[in-house]
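>
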Amino acid sequence: MTNILLVEELERSFDDLLAVAGVSFFVESGETYGLLGPNGAGKTTMISMIAGLLEADRGSIRVAGQPMATTSTAAKRAIGLVPQDIAIYPDLTAKENLAFFGSLYGMRGAALNARIETVLEIVGLRDRADDRSDQYSGGMKRRLNIAVGLLHEPQLLILDEPTVGVDPQSRNAILESVEALSTDGMSVLYTTHYMEEAERLCDRVGIIDNGLLVAEGSRRDLVDGIGQNDTVHVSGTGDLRSATEALRSAEGVVQAAEAHGVITVMVDRAAGRLPSILATCGEAGVSVTALDVSEPNLEAVFLHLTGKALRDET
Amino acid sequence: MRQMLRIASKDLKQRVRDRSVFIVGIVAPAMLALIFTFAFGDVLDPSGSGFEATYGFVDLDGGDASVGLGEVLAGIDEDQFSIESFENVAAAEAAIDDDELSAAFVVPEGFSESIGSGTAVLEVVGNVDAPVGAGIAVAIAEGYADAVDRVTLTVAGSLAAGADPGELDEVIAAASSVEPLGSVGAITTGVRQMDGPTYLMAGMAVFFLFFTVQFGVASLLEERRVGTWGRLLSAPVTRAQAIGAKALVSFVLGIVSMSVLMIGASIGLGADWGDPLSVAVLVILGVLAATGVMALVSAIAKTVEAAGNVQAIIAVALGMLGGTFVQISQDGGLLSRLSLITPHHWFIRGLNDLGGAGAIGDIIPSIVGIGSFAAVTGGLAVWAFARKETV
């Protein structure tokens with residue numbers, strides 16, 4: 631696979647504040663890469679440099695093989711930016727917004743009109759295409775915001791926290807759109823401080839904190855990297871204490887405890903241990919009524935790596 | 009250049025849709041100029057066809073001097089001034105009270121005989137509701153008194169020099185026929201003057217120009233506010249192209265506003281601006297100067313509101329100093345010198361210098377004045393934008 635984005639030793643300061651401190655990563659063609667970090671971690675500064683809005687103090691960025699800087703029009707053609715804040719002209723219709731931004735990428739005529747129809751269909755705004763965008767709901771504006779980024783079929787779509795302040799229904803629609811784009815082979819750079827979004831959408835995740843990329847990899851790699859176990863919660867009736875004792879000596883079980891009618895079992899890999907856990911409970915005379923498995927998530931990874939919660943405001 | 013034109017085209021569409029640019033750029037200056045013309049037109053242009061006055065003449069003397077004054081009054085422009093004779097002062101005052109007269113000249117009994125004694129008094133009774141007409145009447149009376157004094161002095165001087173009293177009639181005739189030194193215009197031919205309504209329209213046009221250009225450059229602050237500025241710069245567009253497009257919109261709106269107002273004044277008020285090429289140069293430089301100021305303000309300000317407030321203060325200050333309402337430059341002193349830094353002063357002076365018959369060579373001081381202002385403000389704006397890195 632080729633790298634659609636290559637970031638090397640990127641650094642940027644604002645006065646005495648080191649916002650991005652020597653970050654390196656890459657996004658492969660067709661990959662969805664997530665930058666996960668709390669507010670103020672340096673994500674937006676990094677996106678600003680990658681999108682050619684801000685010059686780096688040090689390091690380099692290449693988009694589709696082209697060096698990116700504020701004056702790099704060739705590299706800018708390869709990206710589509712969906713900023714965190716809605717960035718559309720409120721006094722223009724959806725079509726007029728799209729036509730204007732499309733023209734900046736050299737699109738025109740029938741091809742432009744056809745593409746406008748396509749992206750309006752993708753974001754579900756075709757019926758409201760001729761309405762001024764200041765008459766849209768917040769969710770519709772968000773969708774138009776994304777449509778503008780998609781219009782010129784960029785090689786790399788950059789989504790900077792696209793679901794902040796969005797209602798659950800619109801949020802789900804946005805996530806589905808991104809999943810569809812990923813399935814279609816578009817490369818996506820997705821920043822978020824929502825762990826669930828990163829887990830759901832991203833092939834690989836870079837965890838960023840205080841301007842540093844503290845870890846990188848697939849979700850499973852990151853989870854395995856911190857050495858934490860899966861947790862199985864067993865609810866049931868019968869002799870739970872005996873079942874707990876039996877589970878403590880079962881293979882793969884690290885720890886087992888019973889409280890309030892629920893047995894909590896920590897195992898190295900839950901998926902392969904569930905049959906034996908159920909069998910042990912049955913042998914101890916417990917009738918299992920519910921079973922819940924939770925794997926360590928990126929929240930836990932972030933906590934492990936930085937010592938603070940992902941959603942702490944900084 | 010194409011990207012600049014695309015952005016400028018989009019901005020112009022937004023401004024046209026917004027309509028406020030028409031109000032600020034065309035309707036407001038035109039309305040104010042018309043209101044001022046109706047309100048103060050007579051003051052600004054007493055020689056214009058709109059001014060008329062009727063004067064009363066009460067001759068209680070019947071001597072040579074009162075006959076002379078009657079001849080002077082009979083000789084003034086019949087299209088604008090008419091003279092009515094009254095038997096007595098009370099009748100003339102009654103006509104003034106009825107607003108039939110702007111003023112009345114009263115030649116008291118014994119006026120002719122008292123000339124030379126230092127006690128002769130020529131009275132002017134003015135109508136308080138017609139200050140301009142009354143003021144002109146006083147000026148006419150003072151002019152006549154000066155002429156009588158001149159003749160009296162000449163006769164006295166001739167007699168003192170031993171002239172033959174039999175030749176006094178010839179001396180008086182010679183003294184009376186001496187023409188004044190000439191008009192101000194004949195002495196300072198380089199300075200001409202627009203008529204009042206034209207002056208007002210020019211003043212209002214250039215005054216409001218500094219508000220009209222806000223709709224171009226300042227929109228980049230609005231784009232920053234709504235977030236589209238960053239998106240614009242993430243497209244294949246450089247900052248120079250994007251800012252240039254905004255300046256281009258200011259320039260186009262300024263040119264359209266000035267053109268509509270000046271052409272409208274030509275058609276509606278009969279304004280004669282002079283040589284079209286020279287006028288075009290003045291207008292273009294004026295618009296560049298206004299755009300330069302607005303660009304500088306936009307480069308420094310953080311919000312649209314702040315930019316609008318600062319620009320309004322600058323526009324009013326420059327407009328007042330530059331003589332868009334009152335010609336400060338005629339006042340002398342510090343204000344007179346300060347007015348020289350304003351493009352308004354040089355713009356109006358340029359139009360005055362063109363004065364119907366002037367050419368490009370007559371407005372070189374104005375070209376230098378406005379051009380320098382535009383270059384300085386534009387240069388500072390470029391420097392300020394270059395320092396401002398973040399979007």
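Protein chains in written order, with this note's numbering: chain A, 631 to 944; chain B, 9 to 399.
C-beta atoms are modelled at their ideal positions from N, C-alpha and C, and glycine is treated no differently.
Just so you know, these numbers come straight off a predicted model, no measurement behind them.
Would you mind giving the Cβ-Cβ distance between Ser90/B and Val115/B, rounded to the nearest angstrom? I have them listed as a contact below 8 Å.
Not really, about 18 Å apart at Cβ, beyond 8 Å.
> Tell me the rounded alpha-carbon separation between Ser654/A and Cys832/A.
Taking the straight line joining both Cα atoms gives about 18 Å.
> Answer with yes or no whether the minimum CB distance from Gly682/A to chain B is below 8 Å.
Cβ-Cβ to chain B under 8 Å: yes for Gly682/A.
> Which chain B residues are close to Tyr735/A, counting only those with a beta carbon under 9 Å from its beta carbon?
The answer, in chain order, is Ala243, Pro244.
> The beta strand (DSSP E) spanning Leu787/A covers which residue range?
It spans 786 to 790 - the beta strand (DSSP E) in which Leu787/A sits, taken as one unbroken run.
> So Ile677/A is in the beta strand (DSSP E); what residue range does that whole segment cover?
Here Ile677/A belongs to no beta strand (DSSP E); instead the alpha helix (DSSP H) covers 673 to 680.
> By the criterion of Cβ-Cβ separation under 8 Å, what are the contact partners of Pro697/A in chain B?
Here the premise fails: no neighbours, minimum Cβ distance about 14 Å.
> Between which two residues does the beta strand (DSSP E) containing Glu1/B stretch?
A query on residue 1/B cannot be resolved here, the shown segment of chain B reaching from 9 to 399 and no further.
> So with Cβ pairs under 8 Å, would you call Val225/B a contact of chain A?
So no, Val225/B is outside the interface.
> Leu240/B lies in the beta strand (DSSP E); which residues open and close that run?
Careful: Leu240/B lies outside any beta strand (DSSP E), inside the alpha helix (DSSP H) at 236 to 242.
> Between the C-alpha atoms of Arg830/A and Pro905/A, what's the straight-line distance to the nearest angstrom?
Roughly 27 Å between the two C-alpha positions.
> Would the region 740 to 747 of chain A and the region 20 to 39 of chain B be scored as touching if the rule is three or more Cβ pairs under 8 Å?
They do not touch, by the three-pair rule.
> At 4 residues or longer, and completely inside the region 206 to 236 of chain B: list those alpha helix (DSSP H) runs for me, N to C.
Fully enclosed alpha helix (DSSP H) runs of 4 or longer: 222 to 225, 227 to 234.
> Whose C-alpha, out of Tyr152/B, Gly272/B, Ala111/B, Arg23/B, is nearest the C-alpha of Gly83/B?
Closest by alpha carbon: Tyr152/B.
> Inspect the CB distances between the region 127 to 141 of chain B and the region 102 to 115 of chain B and report whether three or more fall short of 8 Å.
The answer is yes - the region 102 to 115 of chain B touches the region 127 to 141 of chain B, with three or more Cβ pairs under 8 Å.
> Distance cutoff 8 Å, beta carbons only. Does Thr793/A sit that close to anything in chain B?
So no, Thr793/A is outside the interface.
> Does any C-beta atom of chain A lie closer than 8 Å to the C-beta of Arg25/B?
Closer than 8 Å to some Cβ of chain A, the Cβ of Arg25/B qualifies, so yes.
> Of the residues Asp860/A, Leu789/A, Val794/A, Arg801/A, which one's Cα is nearest the Cα of Ser817/A?
Per the Cα distances, Leu789/A.
> Tell whether a beta-carbon distance below 8 Å holds between Gln22/B and Tyr719/A.
Yes, Cβ-Cβ distance for Gln22/B and Tyr719/A is below 8 Å.
> Express the C-alpha separation of Ala298/B and Val199/B in angstroms, rounding to a whole number.
Confidence is the limiting factor: at Val199/B the pLDDT is only 43, short of 50, which leaves the residue's position unreliable, though a coordinate-based value still follows. Distance between the alpha carbons of Val199/B and Ala298/B: 25 Å.
> Which residues does DSSP list as the beta-bridge partners of Ile691/A?
For Ile691/A, which the question treats as bridged, DSSP gives the partners Val637/A.
> Mind pulling the beta strand (DSSP E) runs of 3 or more residues that sit fully within the region 717 to 771 of chain A?
Complete beta strand (DSSP E) runs here, min 3: none at all.
> Scan the region 773 to 858 of chain A and note each continuous alpha helix (DSSP H) run of 4 residues or more that stays entirely inside, going in chain order.
Complete alpha helix (DSSP H) runs here, min 4: 798 to 813, 825 to 831, 849 to 855.
> Could you give the first and the last residue of the continuous alpha helix (DSSP H) run that contains Gln714/A?
Element bounds for Gln714/A: n/a, residue is neither H nor E.
> Consider the Cβ of Gly377/B: report whether some Cβ of chain A lies at a distance smaller than 8 Å.
Closer than 8 Å: no.
> Start and end of the alpha helix (DSSP H) containing Gln910/A?
Looking at the sequence provided, one finds Thr at residue 910/A rather than Gln. 900 to 913 is the extent of the alpha helix (DSSP H) around Thr910/A.
> Give me the Cα-Cα distance between Ile716/A and Val234/B, rounded to the nearest whole angstrom.
Roughly 7 Å between the two C-alpha positions.
> Starting from the C-beta of Ala828/A, find all residues in its chain whose C-beta is less than 7 Å away, skip the five residues before and the five after it, and write them out in chain order.
Correct list, in chain order: Gly664, Leu666, Thr822, Val835, Leu928.
> If you measure from the beta carbon of Arg345/B to each beta carbon in chain A, is any gap under 8 Å?
So no, Arg345/B is outside the interface.
> Does Arg395/B come within less than 8 Å of chain A when only Cβ atoms are used?
False, the Cβ-Cβ gap to chain A never drops below 8 Å.
> Residues of chain B with CB under 8 Å from Ala777/A, in chain order?
The contacting residues do not exist; Ala777/A stays about 12 Å from chain B at best.
> Please state the DSSP three-state secondary structure of Gly891/A.
Three-state result, Gly891/A: coil.
> How about Asp687/A: is its C-beta nearer than 8 Å to some C-beta of chain B?
Taking Cβ atoms only, chain B never reaches closer than 8 Å to Asp687/A, which makes this a no.
> Using DSSP with H/G/I as helix, E/B as strand and the rest coil, what is Ala138/B?
Residue state, collapsed to three classes: coil.
> How about Arg642/A and Thr674/A: do their beta carbons lie closer than 8 Å?
No, the pair does not count as a contact, with Cβ atoms beyond the cut-off.
> Any heavy atom of the ligand GDP closer than 7 Å to the CB of Glu641/A?
As for the ligand GDP, it is missing from this structure, which has no ligand bound.
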